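Take 105 as the starting number for the sequence shown in my numbering and just add one per residue. Beta carbons: idealized from backbone N, C-alpha and C, even for Gly. Remember, predicted model here, so these are calculated numbers, not experimental data.
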Amino acid sequence: MTSFDALFQPGGAEAAGESVQDIPLTDLHPFKGHPFQVRDDESMEETAASIAKYGVLVPGIVRPRPEGGYELVSGHRRKRGSELAGKTTMPVLVRELDDDEATIIMVDSNLQREKILPSEKAFAYRMKLEALKHQGQRHDLTLERGVPKLPARDKIAQEAGESCGLTVTRYISLTKLISPLLAMVDEEKLAVSSAADYLSGLPENEQKNLVAVMERLNVVPVKNQLAKIKQYSKEGTLTAAVIDAILSEDRPAPVQVILKKERLTQYFPPSYTARQMEEVIVSLLETWRGQQT
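Structural data, given as structure tokens:
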């Protein structure tokens, strides 16, 4: 099989005996279980503008579908950019790929993107791990004689630029999280390591209880609280009440300052609204803070 990188070298496709074809966008279908989001964000606007001006410079990769049309292996963002640019076709390389080959190319091509969410990495690494393991059952993954075969997780880490196989394992464990917790990881409210090490092993009902308590208390657990949650779960005693007690520990009382209207009106004209008063007070506080440094 021609390597993914080779296809992106000048003349790579032609050298591999493949030709670029223009396929109608309506015949291009997303990869089954595609873990990467295609967002209509600023980056997509730039992609669409580039395609409108120059066309798709790097062809996508597709494989024929038994039911007709083609399954996109690489090029989901380019397809969306083409749609937004008003194009009706997209240049692609049509290849005969089995499920494992297609999965590996799909994951590797998307991992070259600049910004990837933890959830995207999590499901992508899991899909690639399953494909590599399946390939390993059919033939040796080693490309050269005498070269030791890398464990699948280490192979993924090496090719993705991760520090080690443990990092890949941590990401894959995130796929065990329920959606609200995984969203918190994507939003950087929970660290990947914390979510993987402390929360991914919790049963679904305990994860749901945790989310409910977090939302009610409006808190995100810190590391020592997560360690307690994991320990109680291991002991089989992690109830919603226990989670509540853990997350309520050492919670600072909310600071609330109340300024009575009678006191404020002696400093502001009668026409000032509460919002205007607040803006003046905050401005004065900013000036005061600057004087303290």
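I believe residue i touches residue j by the beta-carbon criterion, under 8 Å. Please report the beta-carbon distance rounded to the nearest angstrom.
i, j, result
"R167", "E200", "7 Å"
"L97", "K191", "Since the first residue of the chain shown is 105 and the last is 397, residue 97 is not available in this structure."
"Q311", "I282", "5 Å"
"V177", "F135", "6 Å"
"Y302", "A331", "6 Å"
"I104", "L197", "There is no way to answer for residue 104, as the model of the chain reaches only from 105 to 397."
"S337", "A300", "Their Cβ separation, rounded to whole angstroms, is 15 Å, which puts S337 and A300 out of contact at 8 Å."
Can you give the Cα-Cα distance for residue i and residue j, rounded to whole angstroms?
i, j, result
"E224", "V124", "29 Å"
"G185", "P255", "37 Å"
"A206", "V326", "40 Å"
"S213", "I350", "43 Å"
"I155", "E291", "30 Å"
"E383", "K183", "47 Å"
"V162", "P195", "8 Å"
"K365", "R393", "24 Å"
"L321", "V361", "20 Å"
"R169", "V289", "35 Å"
"A152", "G305", "41 Å"
"K219", "N328", "30 Å"
"T369", "E149", "50 Å"
"N309", "V386", "44 Å"
"P374", "L389", "22 Å"
Only counting the same chain, and skipping five residues up and downstream in sequence, which positions put a Cβ closer than 7 Å to that of residue i?
i, result
"V272", "Y229, R257, I260, A261 and E266"
"D202", "none"
"T279", "A226, F227 and R230"
"K237", "A256"
"V142", "H180, R181 and R184"
Might you give, ordered along the chain, the residues of its own chain that have their beta carbon closer than 8 Å to the beta carbon of residue i, omitting 5 neighbours on each side?
i, result
"N313", "L342, T343, A344 and I347"
"I209", "F108, I165, V177, S178 and L201"
Tell whether a beta-carbon distance below 8 Å holds between residue i and residue j.
i, j, result
"Y174", "L132", "yes"
"D126", "T193", "yes"
"V315", "L285", "yes"
"R274", "S297", "yes"
Note down, in chain order, each residue of its chain lying with its Cβ closer than 6 Å to the Cβ of residue i, except the 5 sequence neighbours on either side.
i, result
"E248", "Reliability fails at E248, whose pLDDT of 49 lies under 50, so the model's placement of it is uncertain and the value that follows must be treated cautiously. Here the set comprises nothing."
"Q239", "D204"
"L188", "A152"
Between residue i and the ligand PLP, is the CB less than 7 Å from at least one heavy atom?
i, result
"E383", "In terms of ligand content, the structure shown is empty, and the ligand PLP therefore cannot be addressed."
_So within the segment 188-273, which uninterrupted alpha helix (DSSP H) runs reach at least 4 residues, ignoring any that extend past its ends?_
Here the runs fully enclosed are 203-214, 222-242 and 256-264.
*Curious, which full-length alpha helix (DSSP H) runs of at least 4 residues does the segment 312-351 contain?*
Note on the segment 312-351: whole alpha helix (DSSP H) runs with a minimum of 4 residues are 327-339, in chain order.
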